[in-house]
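Undergrad:
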Amino acid sequence: MVEIITDTSCDFSLEQAKELGVTLIPMTITFGNRDFKDRYEMEADDFYRLLVSYDDLPVTSQINPYEFEKAFENTQRNGDTAVVITLSSELSGTYANAELASRDYPHIYVVDSRTGSVAIQCLVRLACKLRDQGLDAEEIARKVTEATSRIKVLALVDTLEYLKKGGRISATAAVAGNVLSIKPVLTTSDGKIEVVGKARGSKNANNLIKKLAKECGGIDFDEPVVLAYSGTSRDLLEQYVADNRDLYEGHEESLIYSQIGSTIGTHSGPGAIIIGFFPANP
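Under this note's numbering, the first residue of the sequence shown carries the number 672, and numbering increases by one thereafter.
1) In the DSSP assignment, find the unbroken alpha helix (DSSP H) run with residue 635 in it and report its ends.
2) Buried or exposed for residue 953, going by 16 or more other Cβ atoms inside 10 Å?
3) Quick check on residue 685: does DSSP put it in helix, strand or coil?
4) Span of the alpha helix (DSSP H) holding residue 873?
5) If you follow the beta strand (DSSP E) that residue 753 is in, where does it begin and where does it stop?
6) Going along the chain, which residues of its own chain have a beta-carbon closer than 6 Å to the beta-carbon of residue 946, five neighbours each way excluded?
7) Starting from residue 766, follow the alpha helix (DSSP H) in both directions and report where the run begins and ends.
8) What does a CB cutoff of less than 7 Å around residue 771 pick up in its chain, not counting 5 residues either side in sequence?
9) Out of 885, 703, 689, 855, which one is the CA nearest neighbour of residue 872?
10) Identify the residues that DSSP records as bridge partners of residue 701: which are they?
11) So residue 766 and residue 808 are supposed to be a Cβ contact under 8 Å. How far apart are they, rounded?
12) Whose C-alpha, out of 717, 703, 699, 716, is nearest the C-alpha of residue 624?
13) Pick out whichever of 740, 813, 861, 810 has its Cα sitting closest to the Cα of residue 787.
14) What's the C-alpha gap between residue 846 and residue 830?
15) Near residue 850, what residues of its chain come up, given a Cβ to Cβ distance below 6 Å and the 5 sequence neighbours on each side ignored?
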């Protein structure tokens with residue numbers, strides 16, 4: 672059997688991972704002097720309630736080699752092979768630690784997603800599809816690695832406050848942006864986070880996401896399309912889908928919804944929307 676392993680930065684819920692038969696290894700989130708295992712010891716709703724009441728940003732920590740070794744030992748004990756798909760190596764040391772831990776396990780293949788959040792989830796869902804088709808671990812890893820050059824992610828951040836707290840932008844830029852209701856749209860490029868556009872107000876930001884999605888070649892609805900929200904309510908995400916009916920019309924039932932967890936939510940804050948998809952015409 673081929674085991675599919677990933678980290679919680681992909682924004683799977685525990686239920687989604689279990690349904691797909693995916694092994695989910697948690698990142699660590701630290702508030703003050705208290706450590707929590709993402710998803711396992713702190714659910715997303717609890718994380719956002721604490722985040723908005725906390726003056727400083729929590730600290731997110733990469734998965735260390737020992738945690739991967741424990742998972743790989745279990746894989747080997749079961750006589751399985753595995754494909755491991757991690758957060759971009761440009762954003763975290765998690766990939767390097769997984770690669771280091773895998774050196775003593777010749778039938779475990781580690782893939783650098785070169786992206787984050789639900790774009791990783793799209794790659795993991797592709798890996799599960801290939802597994803269910805009967806491909807072996809080496810072939811799955813090869814195809815997923817090829818797919819990392821095609822996967823797209825677009826993220827709309829509602830507030831600049833958390834990017835300011837994390838040192839991603841200056842305090843002056845954050846104040847100006849919030850006063851003018853500037854909504855940045857982010858993506859990943861060469862494994863790094865990049866601003867691809869800015870819009871004034873939510874309506875213009877939604878139009879910008881639609882424009883960028885079409886410029887990517889449109890959305891391939893035959894592949895996984897995952898939409899995620901940060902915060903405790905997905906009402907904003909459902910409103911986004913309704914407001915962009917022409918982009919998703921006829922495919923609403925195939926859309927996969929997720930809640931952004933602590934690894935990404937620490938920097939986006941509540942009110943963010945992230946879309947992961949493969950282009951129809953890359």
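No residue lacks a Cβ here, since even glycine has one placed at the ideal position from N, Cα and C.
TA: On the basis of the coordinates in this document:
1) In the structure displayed, the chain extends from 672 to 953; residue 635 sits before or after that span and is not available.
2) Here the question's residue 953 lines up with position 282 in the sequence shown. With fewer than 16 other Cβ atoms within 10 Å, it is exposed.
3) Numbered from 1 along the sequence shown, position 14 holds the residue referred to as residue 685. Residue state, collapsed to three classes: helix.
4) Stepping through the sequence shown from its first residue, residue 873 is reached at position 202. Note, residue 873: alpha helix (DSSP H), 873-886.
5) By 1-based counting over the sequence shown, the position of residue 753 is 82. Unbroken beta strand (DSSP E) run through residue 753: 752-757.
6) Here residue 946 refers to the residue found at position 275 when the sequence shown is read from its first residue. Same-chain partners within the cutoff: 825, 898.
7) The residue you call residue 766 lines up with position 95 of the sequence shown. Here the alpha helix (DSSP H) through residue 766 covers 765-772.
8) To locate residue 771, count along the sequence shown from 1; it is residue 100. Only 736 meet the Cβ criterion.
9) The residue labelled residue 872 in the question sits at position 201 within the sequence shown. When each option's Cα is compared against that of residue 872, the closest is 855.
10) Counted from its first residue, the sequence shown places residue 701 at position 30. In the DSSP output, where bridge partners are listed per residue, residue 701 has 706, 730.
11) Taking the sequence shown and counting its residues from 1, the one referred to as residue 766 is at position 95. Taking the sequence shown and counting its residues from 1, the one referred to as residue 808 is at position 137. Wrong, their Cβ atoms sit about 17 Å apart, outside the cutoff.
12) Because the chain in this structure spans residues 672 to 953, residue 624 falls outside the shown range and cannot be described.
13) Walking along the sequence shown from the start, residue 787 turns up at place 116. Residue 787 has its Cα closest to that of 861, out of 740, 813, 861, 810.
14) For the purposes of this step, residue 846 is taken as the residue at position 175 of the sequence shown. For the purposes of this step, residue 830 is taken as the residue at position 159 of the sequence shown. With a pLDDT of only 43 at residue 846, under the threshold of 50, the placement of this residue in the model should not be trusted; the figure read from the coordinates follows. Going from the Cα of residue 846 to the Cα of residue 830 covers about 10 Å.
15) As a position in the sequence shown, residue 850 is number 179, starting the count at 1. In this predicted model, residue 850 has a pLDDT of only 44, less than 50, meaning its place in the structure is not dependable; the value taken from the coordinates is given anyway. Closer than 6 Å at the Cβ level, and outside the excluded window around residue 850, lies no residue.
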